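*Asks:* In terms of numbering that gives the first Met the number 0, the sequence shown has 56 at position 57, counting the first letter as 1, and numbering is strictly consecutive.
Glycine included, every Cβ here is placed at the ideal spot set by N, Cα and C.
Since the model is a prediction, treat every value here as computed from it, not as a measurement.
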Amino acid sequence: MSDFRQRALDYHAKPTPGKISVELSTPADSVDDLALAYSPGVAEPVREIAEDPDNAYKYTAKGNLVAVISNGTAILGLGNLGPLASKPVMEGKALLFKRFAGIDAIDIEVKHRTTEEFINTVANIADTFGGINLEDIKAPECFEIEQELIKRCKIPVFHDDQHGTAIVTAAGMLNALEIQGKNIENAKIVCLGAGAAAVACMELLIKCGAQRERIYMLDRKGVIHTRREDLTEHKSLFANNTDKRTLEDVMDGADIFVGVSGPDLLPPETLALMADNPIVFACSNPDPEIRPDLAHAVRDDLIMATGRSDYPNQVNNVLCFPFIFRGALDVRASAINDEMKVAAVEALRAITKEEVPAEVLAASNSKSLSFSKDYIIPKPMDPRLCERIASAVSKAAIDSGVAGI
0 MSDFRQRALD YHAKPTPGKI SVELSTPADS VDDLALAYSP GVAEPVREIA EDPDNAYKYT
60 AKGNLVAVIS NGTAILGLGN LGPLASKPVM EGKALLFKRF AGIDAIDIEV KHRTTEEFIN
120 TVANIADTFG GINLEDIKAP ECFEIEQELI KRCKIPVFHD DQHGTAIVTA AGMLNALEIQ
180 GKNIENAKIV CLGAGAAAVA CMELLIKCGA QRERIYMLDR KGVIHTRRED LTEHKSLFAN
240 NTDKRTLEDV MDGADIFVGV SGPDLLPPET LALMADNPIV FACSNPDPEI RPDLAHAVRD
300 DLIMATGRSD YPNQVNNVLC FPFIFRGALD VRASAINDEM KVAAVEALRA ITKEEVPAEV
360 LAASNSKSLS FSKDYIIPKP MDPRLCERIA SAVSKAAIDS GVAGI
């Protein structure tokens, strides 16, 4: 582990500190080039944009530029370490945007005293970009921040911790249900965790057919039920009219467990209470709610997913967020709506059921992959993801009326 720590530090420090840089896209080799790039030539696109703001997409990099913005209040599994500490993560997201979807992204870390101050800061700079990716912002503030920015900005605003996680979870979950011979409408779902990712995952599963009354969500105090008086607005949406109070109570006969909480919080004896052919998404990082080897030892009829790359079925946001933005940017979408998210879910599901290219097998160190209990979602290095998801998202944007072109 100490060797890995040093390798990680070296990766971020060498040969140049950080993971991203700016490169020129036009010549700047002669006096004539400089005259066109800056004064006096730059005055011409300035006039064009002043006359019609949409010309910014024609004469600047706006249409392929995403801001990755955080306040550092919920960094990965590390918690509230502040804006500057979040910078390596935000640079990492910028790297993923470029590597997987050819999108230029710049990280922005915001210090603020109030939620309103953060919202104002982001809204005031939004026109610079073609889209905004919010990241590592704690609940419940993240809900208010995203919704207010969606109202105030004319470009897509997307909190990846909520919706990226939800999209990949929903795609994997629907495929797992198909393999297990179950349908989402009748499934009993237990969600351990009640933060941003948990709420978004459950809301998207409901849009895919899950029944709200068959979802049991738990926070640190146990089952969220209608007689509790300490619930936030978003937790209240999942207050179940039930006498069940503990994880053990609700896991009895459950078809699905989704963990977005913390390590080792699902005991083997509790897993044993689930219905036949259960599905477990233990997505706490870096350590899941239950280790796959332990889970499979208890239930041999299980389908299991985690957030880790060293186990099958990794729930990884990189499977969708670069491509959702690619699709949104390509048609100048004003928002990323539910229709676009569901389109991404269906595209992910479909790719999983197709023959896996040899290059994906090589990149994932796999001899073979086919739609099965150990392969319910694609691998991140699959080159089909960008074209298929982006085109599905673009079409959904057009069909739902949020596309600008």
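Taking buried to mean at least 16 other C-beta atoms within 10 Å of its own C-beta, is His233 buried or exposed?
*Replies:* Looking at its Cβ environment, which holds 16 or more other Cβ atoms inside 10 Å, His233 is buried.
*Asks:* Count the CB pairs spanning the segment 175 to 190 and the segment 275 to 292 that are closer than 8 Å, and state whether there are at least three.
*Replies:* At 8 Å Cβ cutoff, the stretches touch.
*Asks:* Give every residue of the same chain whose Cβ lies closer than 7 Å to the Cβ of His162, excluding the five residues on either side of it in the sequence, and list them in chain order.
*Replies:* Within the same chain, His162 has close Cβ partners Ala199, Lys340.
*Asks:* Within the segment 177 to 252, note down every full beta strand (DSSP E) run reaching 3 residues or more, in order along the chain.
*Replies:* For the segment 177 to 252, whole beta strand (DSSP E) runs of length 3 or above, ordered along the chain, are 188 to 191, 214 to 218.
*Asks:* Thinking C-alpha only, which one of Leu83, Lys150, Val259, Glu247 is nearest Ala274?
*Replies:* If we check each option's Cα against that of Ala274, Glu247 comes out closest.
*Asks:* Would you grab the beta carbon distance between Ile74 and Leu80 for me? Rounded to a whole angstrom, and I think it's under 8 Å.
*Replies:* Right, the Cβ-Cβ distance comes to about 5 Å (below 8 Å), so this counts as a contact.
*Asks:* Excluding the five sequence neighbours on either side, which residues of its own chain have a C-beta within less than 6 Å of the C-beta of Thr305, listed in chain order?
*Replies:* So the list reads Ala281, Pro287, once near-sequence residues are dropped.
*Asks:* Among Glu212, Ser85, Leu94, Thr114, which has the Cα closest to the Cα of Ile405?
*Replies:* Absent from the model: residue 405. The displayed extent of the chain is 0 to 404, so no value can be given.
*Asks:* When the Cβ atoms of the segment 322 to 337 are set against those of the segment 152 to 167, are three or more pairs found closer than 8 Å?
*Replies:* Taking 8 Å as the limit for Cβ pairs, the verdict is that the segment 152 to 167 does touch the segment 322 to 337.
*Asks:* Using 8 Å as the threshold, is the C-beta distance between Ala169 and Leu191 below it?
*Replies:* No, they are not a contact pair.
*Asks:* Pick helix, strand or coil for Ile136, following the three-state DSSP scheme.
*Replies:* Residue state, collapsed to three classes: coil.
*Asks:* Would Val392 be called buried (16 or more neighbouring beta carbons within 10 Å of its own) or exposed?
*Replies:* By the neighbour-count rule (16 or more Cβ atoms within 10 Å), Val392 is buried.
*Asks:* Can you tell me which of the three DSSP states Val359 falls into?
*Replies:* It is helical.
*Asks:* How many Å lie between Val65 and Ile105 at the Cα?
*Replies:* Spanning the two alpha carbons is a distance of roughly 7 Å.
*Asks:* Determine the DSSP secondary structure at Gly326, reduced to helix, strand or coil.
*Replies:* Gly326 falls in the helix class under three-state DSSP.
*Asks:* Let me know the secondary structure DSSP gives Val279 once reduced to three states.
*Replies:* Three-state DSSP puts Val279 in a strand.
*Asks:* Where DSSP assigns a beta bridge to Ala304, which residues make up the other side?
*Replies:* Answer is Phe280.
*Asks:* For Ser69, list the residues DSSP reports as bridge partners.
*Replies:* Glu108, per the DSSP bridge assignment.
*Asks:* Thinking Ala193 and Met216 are a contact (beta carbons under 8 Å), I'd like their distance in whole angstroms, please.
*Replies:* Going by Cβ atoms, the distance from Ala193 to Met216 rounds to 5 Å, so yes, they are a contact pair.
*Asks:* Determine the extent of the beta strand (DSSP E) in which Val156 is found, giving its start and end residues.
*Replies:* Run containing Val156: 156 to 158, per the beta strand (DSSP E) assignment.
*Asks:* Taking the alpha-carbon of Gly17 as reference, which of Asp160, Leu23, Leu94, Val45 has the nearest alpha-carbon?
*Replies:* Of the candidates Asp160, Leu23, Leu94, Val45, the one whose C-alpha sits nearest the C-alpha of Gly17 is Leu94.
*Asks:* Exposed or buried, which one is Arg325 when buried takes at least 16 other CB atoms within 10 Å?
*Replies:* So Arg325 counts as buried.
*Asks:* Going residue by residue through the segment 15 to 89, where are the continuous alpha helix (DSSP H) segments of at least 4 residues, counting only ones entirely within it?
*Replies:* The qualifying runs are 30 to 36, 42 to 50, 55 to 58.
*Asks:* Return the residue from the list Leu272, Ala327, Ser390, Pro382 that minimises the CA-CA distance to Glu354.
*Replies:* The option with the nearest alpha carbon to Glu354 is Pro382.
*Asks:* Looking at C-beta atoms only, is the number of pairs between the segment 108 to 125 and the segment 300 to 319 that lie closer than 8 Å three or more?
*Replies:* Too few Cβ pairs lie closer than 8 Å, so no.
*Asks:* Between the Cα of Asp405 and those of Val109, Gly91, Asp398, Ala349, spot the shortest distance and give me the residue it belongs to.
*Replies:* Limits of the chain in this structure are 0 at one end and 404 at the other, which puts residue 405 out of reach.
*Asks:* Using CA atoms only, rank isn't needed, just tell me which of Asp254, Ser38, Pro379, Asp251 is closest to Tyr351.
*Replies:* Residue identity differs from the one stated: residue 351 is Thr in this sequence, not Tyr. Among Asp254, Ser38, Pro379, Asp251, the Cα nearest to that of Thr351 is on Pro379.
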